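Step one of this worksheet: look at the structure below.
Here it is, written out as structure tokens:
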């Protein structure tokens with residue numbers, strides 16, 4: 647990947663922007679405006695589908711030599727996909743499902759390169775297992791009623807107050823925050839090498 651090339655993040659997530667900045671990528675923020683539609687209830691497939699829709703939507707309006715990163719994160723527990731809660735009661739319901747158990751966080755990422763020879767696209771999914779400590783009714787209620795869970799998949803942020811209930815994880819921590827940046831960097835590097843061949 648050339649330093650002069652533009653990178654666009656098809657997401658308004660401040661966490662994704664921070665994670666990219668951590669590895670030296672300063673993206674332009676161009677959130678996708680498409681209405682998200684999923685045709686599956688399989689978490690891995692759903693996040694790949696959504697990340698692809700977002701990246702393709704934003705890539706349509708970009709100049710040649712631009713990289714577009716689209717991402718979507720969901721939490722899966724007991725066969726249910728948990729997106730962002732609709733309100734405090736929904737957050738309470740989600741956290742009650744998760745407490746004391748192990749659940750999965752899936753992030754689908756689509757990378758689009760708007761090249762001289764047309765667009766190249768690569769989509770992948772990253773999975774992390776998250777183990778939680780048991781929580782009391784009062785702890786769930788207090789967290790669910792705070793502002794923190796409302797804009798987060800699965801109604802919690804691993805990097806916020808909810809860290810008090812994280813027993814451990816298997817996989818990429820950054821994936822739970824919202825973007826597996828190590829894998830993103832490696833995939834971008836691979837695509838750039840292929841583009842030069």
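In the numbering used here, the protein residues as written are 647 to 843.
Note that the Cβ used here is the ideal one computed from N, Cα and C, for glycine as well.
Remember, it's a predicted structure, so these values are computed and weren't measured experimentally.
Using 8 Å for Cβ pairs, my map puts residue i next to residue j. What's the rounded Cβ distance?
i: residue 665; j: residue 827; result: 5 Å
i: residue 756; j: residue 774; result: With a Cβ gap of about 19 Å, residue 756 and residue 774 do not count as contacting.
i: residue 789; j: residue 807; result: 7 Å
If you run the structure through DSSP and keep just helix, strand and coil, what is residue i?
i: residue 726; result: strand
i: residue 763; result: coil
i: residue 775; result: strand
i: residue 682; result: coil
i: residue 655; result: strand
i: residue 754; result: strand
i: residue 703; result: helix
i: residue 791; result: coil
i: residue 687; result: coil
Leaving out five residues before and five after residue i in sequence, what residues of the same chain have Cβ atoms less than 6 Å from its Cβ?
i: residue 694; result: 754, 769, 771
Could you say which of the options lies nearest to residue i if we only look at CA atoms?
i: residue 842; options: 797, 701, 790, 759; result: 759
i: residue 782; options: 804, 811, 815; result: 811
i: residue 831; options: 789, 670, 741; result: 670
i: residue 837; options: 780, 765, 817; result: 765
i: residue 749; options: 801, 792, 703; result: 801
i: residue 741; options: 707, 791, 820; result: 791
i: residue 738; options: 796, 829, 704; result: 796
Please work out which residues of its chain come closer than 7 Å, Cβ to Cβ, to residue i, disregarding the five sequence neighbours upstream and downstream, and give them in chain order.
i: residue 663; result: 655, 673, 675
i: residue 798; result: 730
i: residue 682; result: 696, 699
By Cβ distance, which residues of its chain are closer than 8 Å to residue i, with the 5 residues on each side in sequence left out?
i: residue 658; result: 675, 677
i: residue 726; result: 743
The region 693 to 713 contacting the region 651 to 660, beta-carbon criterion three pairs below 8 Å: With the cut-off at 8 Å, the region 693 to 713 and the region 651 to 660 touch.
Any chance the region 739 to 746 sits against the region 677 to 694, with 3 or more Cβ pairs inside 8 Å? No: fewer than three Cβ pairs fall under 8 Å.
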